[in-house]
Each structure stands twice: as C-alpha cells, then as structure tokens.
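This is the structure:
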C-alpha cells in the first residue's frame, strides 16, 4: 500500500494559521493531515512560493534579492524542499535555524522582539523538520518539531507536524501543495 503525505504552504504575516487538531483527533485524521511549511510573505518572493511558483521564486531570490536574510533562507528552504531539491534545500533550512537562533541571543529587550525571535525559531525548526521528513529522516524531523514546540507552544503547525511524523515515520512520501 502506497502512503501519501500532503504538504501545504502556510503564508501569513502571523506565520500561523489553520485548523487545530484536538486531543480527540483520531490517528487516521492525523495520519492523513498535511505537513505544514511556512513562507515569509511580502519578503524574498514569498508571494511566488505561496502560489506554488517555486522555480520562479528560487530564480528571483538567488539572482537579485539581497534583503531580509531570515526570509531568504526560509523561503528558499520551503521552495527547494517542495521542488525536491534536497541537497540545496538543506543549507537554506539550516541557515534559517541559525539566523533565528542568532536573533534570539542576547534576548531582545522588548516583548514584541522576543515574541518574534521565538516565533522565528519555532518556524525555522518546523520547516527544517518538514524538509527532513520529506528527505526520509523521520528521527531528525521529530527532533526539529520538538525543538519548534519548545521555542513557541502557541504555534500549532509544529505540533501537527510532530504528530504526523510520529504516526507515519517511514514509507514513501509524496508532497502536494494545496492552494
């Protein structure tokens, strides 16, 4: 029996949307749920990534975008993962985690800046976890999803991604973007 995993791209200034799985969700509901990746909208061609124009986004970002480094790394991680270009995606996923962690040290003084730093950390780990799941590294994906949850428990995508990888850690994965 062929297993299929669906992947959706979440685009939001708040960087978190969607339905929440309650604790009463059945295993089959979680197993059929999509992995969720995030793009940073309005920066580094996030609009192209959110529309599924991954190659155009990668070309635009790599040829002329020099702005916000976290958005660049995050959007390239997502686009390249969805293109199945795992060799190139890995460095950008790791860079997004590195940049998010760097922005959190030392701890920003304002509440808004601290919240943004922990959200960036959570989202970067969650995206890298999806990359790892798509690349067949379920144990690495699980560790990243757990790190994402530790950094920000208010975001729901990392918890759903963790539940998903724990229920079906092995088997062929086919990524699909739902618009």
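Numbering (our numbering), first residue to last: 7 to 185. Note that CB positions come from ideal geometry on N, CA and C, so glycine has one too.
If you compare the alpha carbons of 93, 61, 157, 40 with that of residue 126, the shortest gap goes to 157.
Residue 45: member of the beta strand (DSSP E) spanning 41-45, first to last residue. Counting only the Cα atoms, residue 131 lies some 9 Å from residue 149. Here the segment 47-55 lies against the segment 63-72, with 3 or more beta-carbon pairs under 8 Å apart.
When the Cα atoms are used, residue 121 and residue 69 turn out to be separated by approximately 32 Å. The criterion of a C-beta distance shorter than 8 Å is satisfied by residue 41 and residue 167. Spanning the alpha carbons of residue 46 and residue 81 requires a straight line of approximately 6 Å. Within the model, the alpha-carbon separation for residue 141 versus residue 92 is close to 7 Å. If you look at residue 57, you'll find it isn't in any alpha helix (DSSP H); DSSP assigns it neither H nor E.
Taking the C-beta atoms as reference points, residue 83 is found no nearer than 8 Å to residue 106.
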